[in-house]
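One structure is given below, encoded as structure tokens.
4 protein chains.
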Amino acid sequence: MSDTSIMSQMDMTAMANVIDACSACMQACMMCADSMAGMEGMGKCAALCANCADMCDTMMRMMLRPMGMERDSMVAMLEACIAMCRVCRDECSTHMQMSETAAMCATACDACMTACQDMLTAMRNV
Amino acid sequence: MSDTSIMSQMDMTAMANVIDACSACMQACMMCADSMAGMEGMGKCAALCANCADMCDTMMRMMLRPMGMERDSMVAMLEACIAMCRVCRDECSTHMQMSETAAMCATACDACMTACQDMLTAMRNV
Amino acid sequence: MSDTSIMSQMDMTAMANVIDACSACMQACMMCADSMAGMEGMGKCAALCANCADMCDTMMRMMLRPMGMERDSMVAMLEACIAMCRVCRDECSTHMQMSETAAMCATACDACMTACQDMLTAMRNV
Amino acid sequence: MSDTSIMSQMDMTAMANVIDACSACMQACMMCADSMAGMEGMGKCAALCANCADMCDTMMRMMLRPMGMERDSMVAMLEACIAMCRVCRDECSTHMQMSETAAMCATACDACMTACQDMLTAMRNV
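The structure is reproduced here in structure tokens:
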């Protein structure tokens, strides 16, 4: 099976969902990182959110380049994005009571994990 | 073991090497993507280089945030970066004869893989 | 007037419009850059789209950091974003007949210019 | 004068200096933003550093795409980068006594301003 066929057989709905979920997650993480920066003891949360924002940005960019659709790198990046979103969600969940921004960030991370997982599942069925 | 101790026990030389190798690889990939984008039939190579540039940029940014040092996300991103660099190196290697930019890109990808692998090894020894 | 007051007096609708327009423009530019890459003679268009995507990404990120709201840097970046979107729109407009992706990109660049211009106007009225 | 000639007449030393200065400034700003994010009351400094890092990253990426070399967008982005580096340098200068990271960041911002200004001067002489 050629690389080109990977693209043509991909679940376009799953791809569109990853793009939308990464875009929303990036924005939520950026705002959460900014909100947490400068609060005493919240430096780790700010850094994890900034890392998650960068990773979602890159994941989205890769999805927006159909010509670069290649299985190994795509699977590895989806798995990395899921790992990062899980860490960020778990961290921000502990601050939900005191921060609406953190609550929104945790929700966006969770949705992004689901979208990436669905994409992985779709790729494994090709 | 706390997250903080992960950072303090990390091999600082390995981290500095990842930062330098990712920075060099990002620059080489950006130039290769630009060069290939103007050549007929080289769209796939251009897209893989652009993906690799974005992933190295994000990997480097994560290394530059000591407060966000967290094992699971870091290991997953290092593995993703290695996978992407391997794909980009393999693609660009096939164009080395006709393009000095591609040759430089393949070399930078290879060095970046090595630096990320060394960092993974160092993390597993903590 | 303190920096904090700049933020509090800002037109929140204008800011939200810039974020949405930059996000849409980044995505359209990414896809157009990928589509153009590898087509004979379209390297310049691909590069301008890639530049515009990166600039819109950065513009959006700055809007998502309320604590970094500072007049001089914000005005200069809005002006740079408008200049870049104009160049990209003018280039992609010339390829609208042959490419639906270029047509979408030109439209997104135009909308982004308008959103950034409205934001500049709102800032000058503060 | 065609766009291609802009590139061929450009001062290659000035371009290489901008790339190096932006790369160094991005790294210094990333580390300063991370360091400040964990300090109470330093949220504004962290956000300005994060903005400056993103802008230097984009400026560097544009320089690494020779095919996208276009006068209006390049001049506007160089001017925006200078404005941002000035704001970040001024902010970080006030924290030099208490933070070596801030001192390094202020120095890197100053060097980046100089490199961008030299590039603008070189472009105006073409």
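Residue numbers (my numbering), protein chains in the order written: chain A, 1 to 126; chain B, 1001 to 1126; chain C, 2001 to 2126; chain D, 3001 to 3126.
We put the CB at the ideal spot given by N, CA and C, even for glycine.
Here the structure is a predicted model, which means the values were calculated and not measured.
**Message:** Please identify, using Cβ separations under 7 Å, the residues of the stretch 1060-1079 of chain B that lie next to chain C, in order along the chain.
**Reply:** Within the stretch 1060-1079 of chain B, no residue has a Cβ that lies closer than 7 Å to any Cβ of chain C.
**Message:** Counting only beta-carbon separations shorter than 8 Å, does Q2117 of chain C have a partner in chain A?
**Reply:** So, not an interface residue.
**Request:** Round the Cβ separation of M3015 of chain D and M3063 of chain D to the nearest angstrom and send it over; I've been treating them as touching at under 8 Å.
**Result:** That pair is a contact at about 6 Å.
**Request:** Alpha carbon to alpha carbon, how far is T2058 of chain C from S2023 of chain C? Give it in angstroms, no decimals.
**Result:** S2023 of chain C and T2058 of chain C: Cα-Cα distance of roughly 10 Å.
**Request:** Just mark N2125 of chain C as buried or exposed, buried being the case when its beta carbon has 16 or more other beta carbons within 10 Å.
**Result:** When all chains shown are included, N2125 of chain C counts as exposed.
**Request:** Please classify N2125 of chain C: does DSSP put it in a helix, a strand, or coil?
**Result:** Reduced to three states, the DSSP call for N2125 of chain C is coil.
**Item:** Contact under 8 Å by Cβ, A2134 of chain C with R3065 of chain D
**Value:** One cannot answer for residue 2134 of chain C here, as it falls past the ends of chain C, which runs 2001 to 2126.
**Where M1119 of chain B sits in the DSSP three-state scheme** = M1119 of chain B: helix per DSSP, three-state reduction.
**Asked** Whose Cβ in chain C lies nearer than 7 Å to the Cβ of A1046 of chain B?
**Response** Neighbours of A1046 of chain B in chain C, taken as residues at a C-beta separation under 7 Å, are given in chain order as A2037, G2038.
**Asked** In terms of residue numbering, what span does the alpha helix (DSSP H) encompassing M67 of chain A cover?
**Response** Counting along the chain, M67 of chain A falls outside any alpha helix (DSSP H), and DSSP gives it neither H nor E.
**Message:** At the 8 Å Cβ level, is M3030 of chain D part of the contact set with chain F, yes or no?
**Reply:** Structure shown: chain F not included; protein chains present are A, B, C and D.
**Asked** For T1004 of chain B, does the three-state DSSP call read helix, strand or coil?
**Response** Residue confidence for T1004 of chain B is low, a pLDDT of 48 falling below 50, so the modelled location carries little weight; the figure read from the coordinates is stated next. The DSSP-derived three-state label of T1004 of chain B is helix.
**Prompt:** In this structure, does DSSP put Q1027 of chain B in helix, strand or coil?
**Reply:** In the structure shown, Q1027 of chain B falls within a helical segment according to DSSP collapsed to helix, strand and coil.
**Asked** If you drop the 5 nearest sequence neighbours on each side, which residues of the same chain put their C-beta closer than 8 Å to that of M3042 of chain D?
**Response** Once the five neighbours on either side are set aside, the close Cβ partners of M3042 of chain D are M3036, H3095.
**Asked** Nearest chain D C-beta to D34 of chain A closer than 8 Å, yes or no?
**Response** Yes, because at least one Cβ of chain D sits closer than 8 Å to the Cβ of D34 of chain A.
**Asked** Is C105 of chain A closer than 8 Å to A28 of chain A when the C-beta atoms are compared?
**Response** Inclusion of A28 of chain A and C105 of chain A in the CB contact set at 8 Å is warranted, their separation being smaller than that value.
**DSSP-derived helix/strand/coil call for S3035 of chain D** = Three-state DSSP puts S3035 of chain D in a helix.
**Message:** Buried or exposed, going by whether 16 or more other CB atoms sit within 10 Å of the CB of M3001 of chain D?
**Reply:** Only weak support exists for where M3001 of chain D lies, its pLDDT of 36 falling under 50; the value from the coordinates is given anyway. M3001 of chain D is exposed by the Cβ-count criterion.
**Neighbourhood of C2109 of chain C by C-beta, 8 Å cutoff - its chain only, sequence neighbours within 5 removed** = Excluding sequence positions up to five before and after C2109 of chain C, its CB lies within less than 8 Å of the CB of C2025, A2028, C2029, C2052, C2085, R2086, C2088, R2089, C2092, all in the same chain and listed in chain order.
**Request:** Express the C-alpha separation of R1061 of chain B and D54 of chain A in angstroms, rounding to a whole number.
**Result:** Take the alpha-carbon of D54 of chain A and the one of R1061 of chain B: they are about 8 Å apart.
**Prompt:** What is the rounded straight-line gap between the Cα of E3100 of chain D and the Cα of C3032 of chain D?
**Reply:** If you draw a straight line from the Cα of E3100 of chain D to the Cα of C3032 of chain D, it comes to about 9 Å.
**Request:** Name the two residues that bound the continuous alpha helix (DSSP H) containing M1055 of chain B.
**Result:** Counting along the chain, the alpha helix (DSSP H) containing M1055 of chain B begins and ends at 1043-1063.
**Message:** According to DSSP, is M84 of chain A part of a helix, a strand, or is it coil?
**Reply:** DSSP places M84 of chain A within a helical segment (H, G or I) once states are collapsed to three.
**Prompt:** Any C-beta of chain C sitting closer than 8 Å to the C-beta of Q97 of chain A?
**Reply:** Chain C contact via Cβ: absent.
**Asked** Counting only beta-carbon atoms, is S3002 of chain D nearer than 8 Å to chain B?
**Response** The pLDDT assigned to S3002 of chain D is 42, lower than 50, so where the model puts this residue is not dependable; a value taken from the coordinates is nonetheless given after this. Interface flag for S3002 of chain D against chain B is unset, since no Cβ pair is found closer than 8 Å.
**Request:** Compare the C-beta of S2093 of chain C with all C-beta atoms of chain A and state if any pair is closer than 8 Å.
**Result:** Closer than 8 Å to the CB of S2093 of chain C there is not a single CB belonging to chain A.
**Prompt:** Going along the chain, which residues of its own chain have a beta-carbon closer than 7 Å to the beta-carbon of L3048 of chain D, five neighbours each way excluded?
**Reply:** Cβ-Cβ distances below 7 Å link L3048 of chain D to V3087, C3088, E3091 in the same chain, with the five nearest sequence neighbours on each side left out; the list follows chain order.
**Message:** Suppose you measure from the CA of K3044 of chain D to the CA of E3079 of chain D; what does that come to, to the nearest Å?
**Reply:** K3044 of chain D and E3079 of chain D: Cα-Cα distance of roughly 22 Å.
**Inter-residue CB distance, N1017 of chain B and A1083 of chain B (contact presumed, cutoff 8 Å)** = Contact doesn't hold; Cβ gap of about 19 Å is too wide.
**Request:** For D128 of chain A, count neighbouring C-beta atoms within 10 Å of its own C-beta (all shown protein chains included) and say buried if the count is 16 or more, exposed if not.
**Result:** Lying outside 1 to 126, the shown extent of chain A, residue 128 of chain A is not represented and no answer is given.
**Asked** When the cut-off is 8 Å and only beta carbons count, does G1057 of chain B lie next to chain D?
**Response** According to the sequence shown, residue 1057 of chain B is Asp rather than Gly. Contacts with chain D at 8 Å (Cβ-Cβ) include D1057 of chain B.
**Prompt:** Mind checking if M1012 of chain B is an interface residue toward chain C, Cβ cutoff 8 Å exclusive?
**Reply:** At a cut-off of 8 Å between beta-carbon atoms, M1012 of chain B makes no contact with chain C.
**Asked** For M3067 of chain D versus D1118 of chain B, is the C-beta distance shorter than 8 Å?
**Response** Against a cut-off of 8 Å, the Cβ pair of D1118 of chain B and M3067 of chain D comes out as no contact.
**Request:** Please report how far the alpha carbon of A3076 of chain D lies from the alpha carbon of A122 of chain A, in whole angstroms.
**Result:** Straight-line Cα distance between these residues: approximately 43 Å.
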